[in-house]
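Number of protein chains: 2
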Amino acid sequence: MSKIYVTGLGPGAADQMTVQAQKVLEQCPVIIGYTVYIDLIRGQYPDKIFLSTPMRKEADRCRLAFEEAEKGQDVAMVCSGDAGIYGMAGLICEIGKDYPDVGIEIVPGITAASGGAAVLGAPLMHDFAVISLSDLLTPWEKIESRLRAAAESDFVICLYNPSSRKRADYLAKACDIILESRGAETVCGTVRNIGREGESYEILPLGRLRDTQVDMFTTVFIGNSNTMELNGRMVTPRGYKDV
Amino acid sequence: MSKIYVTGLGPGAADQMTVQAQKVLEQCPVIIGYTVYIDLIRGQYPDKIFLSTPMRKEADRCRLAFEEAEKGQDVAMVCSGDAGIYGMAGLICEIGKDYPDVGIEIVPGITAASGGAAVLGAPLMHDFAVISLSDLLTPWEKIESRLRAAAESDFVICLYNPSSRKRADYLAKACDIILESRGAETVCGTVRNIGREGESYEILPLGRLRDTQVDMFTTVFIGNSNTMELNGRMVTPRGYKDV
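Sequence lines, in order, name chains A and B.
Take the first sequence: its letters are residues 223 to 465, numbered as in the numbering used here.
Take the second sequence: its letters are residues 223 to 465, numbered as in the numbering used here.
What follows is the structure in structure tokens.
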């Protein structure tokens with residue numbers, strides 16, 4: 223039975239790929255993904271068949287993967303970050319019910335929360351919530367209620383998709399909700415182009431994050447009540463000292 | 223300047239280590255970690271100096287790393303999973319202020335949320351909260367308030383440290399809190415020994431998870447209101463269809 227390996231490539235740098243993901247790329251004759259990610263790896267594997275579809279054509283891309291696998295060859299379906307976190311793993315599992323003769327294996331990768339945290343220092347040492355600000359498939363009210371709940375119960379918060387051309391003010395809106403229960407001095411961090419050329423980061427208070435413009439290549443971290451800046455790093459202690 | 227590389231090894235299997243982590247282990251003459259993780263990698267690197275301290279001696283282990291680095295050699299401080307998620311990265315950054323001549327670099331790894339999700343299918347396709355049930359350094363009331371907030375606002379929930387000998391009933395207590403706002407039929411999953419020998423998993427409803435005994439090698443996933451079981455996999459759709 224041929225198989226689709228839904229594979230996370232990590233945040234961009236080839237070095238942040240797992241050994242398992244590397245083996246999958248070496249062993250699968252067909253590699254499918256969103257055009258941008260395919261271009262990142264094409265040069266390293268000259269003998270492969272590369273197939274891609276543009277952004278927002280995710281379901282088409284999945285069916286393409288199953289059709290290739292039905293021809294009897296293993297397929298690597300690649301995503302940046304972790305295929306299992308806001309990635310392609312779910313859609314492949316859903317569409318897979320129409321292709322019972324194709325196996326599915328999920329190969330995890332370093333997600334932006336892990337990769338970005340490593341750049342900033344150690345913001346995720348304690349309980350955290352990961353929230354996407356994209357309202358393409360989720361009602362904004364749902365996103366707001368999650369932001370409010372996470373802020374009120376002192377989670378460290380990691381924001382994916384904090385901005386786009388159409389949603390330039392979403393980070394400010396999210397910060398306003400968080401500011402209802404957290405101080406403006408709360409330590410925050412932004413990381414841009416994690417693991418890629420031009421990687422950069424900034425550590426700044428929540429009050430200033432509110433008025434900062436970020437782009438879609440940025441991941442945002444909002445500290446909990448104990449998070450501090452320490453020698454230029456964002457660090458959340460692993461517990462509460464008054465226990 | 224010599225450096226400490228705080229390095230996550232991933233959930234156990236050598237294949238789930240990143241290429242970057244592998245290079246760190248190859249290049250650092252000294253490798254320090256908790257005894258169990260050191261034993262996992264000792265055989266592959268016969269020429270290294272291996273140092274370890276038992277569990278709960280984390281601060282001693284960090285100081286040992288800085289003392290070795292001060293001798294002028296690079297040190298790999300290894301943890302399972304991701305060094306940046308409930309790992310050693312924070313303590314190294316905190317203690318690092320006493321050792322200004324030693325550099326620090328965090329090398330991210332696959333955390334149990336990513337590794338376990340890949341075994342179960344695709345439970346983390348939408349916003350999620352990661353909560354540790356260990357009350358060693360966190361008041362239980364704080365943990366309860368986070369469980370309640372995450373359950374009420376429909377996060378997928380991933381539980382770390384769901385049990386130990388002294389806390390045999392903590393998972394049941396956590397499920398009772400989640401059951402206040404989620405149905406007993408909510409799709410859940412448990413994964414034991416992720417990426418290691420004897421890896422196993424189970425998909426089961428929240429009502430039954432409540433009465434299940436798990437151990438400290440298990441990671442627990444509680445689906446959101448849309449999570450389903452699909453061909454033996456736990457799958458959360460990436461959005462809400464009524465948008």
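We put the beta carbon where it would ideally sit given N, CA and C, even for glycine.
Residue i versus chain B: which residues are under 8 Å apart at the beta carbon?
i, result
"residue 237/A", "240, 241, 242 and 245"
"residue 232/A", "240"
In terms of residues, what are the limits of the alpha helix (DSSP H) holding residue i?
i, result
"residue 393/A", "392-401"
"residue 429/A", "428-431"
"residue 368/B", "362-374"
"residue 336/A", "334-342"
"residue 250/B", "Taken as a continuous stretch (DSSP letters only), residue 250/B belongs to no alpha helix (DSSP H), as it is neither H nor E."
Name the chain A residues whose beta carbon is nearer than 7 Å to that of residue i?
i, result
"residue 457/B", "312, 315 and 316"
"residue 419/B", "Simply none; closest approach about 16 Å."
Taking DSSP as the reference, what is the three-state secondary structure of residue i?
i, result
"residue 422/B", "strand"
"residue 305/A", "coil"
"residue 355/A", "coil"
"residue 464/A", "For residue 464/A, the pLDDT reaches just 48, beneath the cut-off of 50, and the residue's location in the model is therefore unreliable, although a value from the coordinates is still provided. Coil at residue 464/A, not helix or strand."
"residue 288/A", "helix"
"residue 327/A", "strand"
"residue 229/B", "strand"
"residue 404/A", "coil"
"residue 457/B", "strand"
"residue 434/A", "coil"
"residue 265/A", "helix"
"residue 257/A", "helix"
"residue 313/A", "helix"
Show which residues of chain B have a CB atom less than 7 Å away from the CB atom of residue i.
i, result
"residue 377/A", "351 and 368"
"residue 467/A", "This structure cannot speak to residue 467/A, because chain A is shown only from 223 to 465."
"residue 359/A", "460, 461, 462 and 465"
"residue 395/A", "Within chain B, no residue comes near residue 395/A; the closest Cβ sits about 16 Å away, beyond 7 Å."
"residue 374/A", "371"
"residue 319/A", "452 and 453"
Using the beta-carbon of each residue, which ones in chain A are nearer than 8 Å to residue i?
i, result
"residue 330/B", "238, 332, 336, 337, 339 and 340"
If you measure from the beta carbon of residue i to each beta carbon in chain A, is any gap under 8 Å?
i, result
"residue 279/B", "no"
If I follow the unbroken beta strand (DSSP E) through residue i, where does it start and stop?
i, result
"residue 386/B", "Element bounds for residue 386/B: n/a, residue is neither H nor E."
"residue 346/A", "That residue, residue 346/A, is in no beta strand (DSSP E); it is neither H nor E in DSSP."
"residue 223/A", "Residue 223/A -> no beta strand (DSSP E), and no H or E assigned at all."
"residue 275/B", "271-275"
"residue 450/B", "450-452"
Counting contacts by CB-CB distance shorter than 8 Å, is residue i in contact with chain B?
i, result
"residue 354/A", "yes"
"residue 453/A", "yes"
"residue 445/A", "no"
"residue 223/A", "no"
"residue 448/A", "no"
Taking residue i as the query, report the chain B residues whose CB atoms sit under 9 Å from its CB, ordered along the chain.
i, result
"residue 343/A", "306, 311, 312, 315, 326 and 328"
Residues bridged to residue i by DSSP?
i, result
"residue 410/A", "426/A and 444/A"
"residue 381/A", "353/A and 442/A"
"residue 300/B", "229/B and 255/B"
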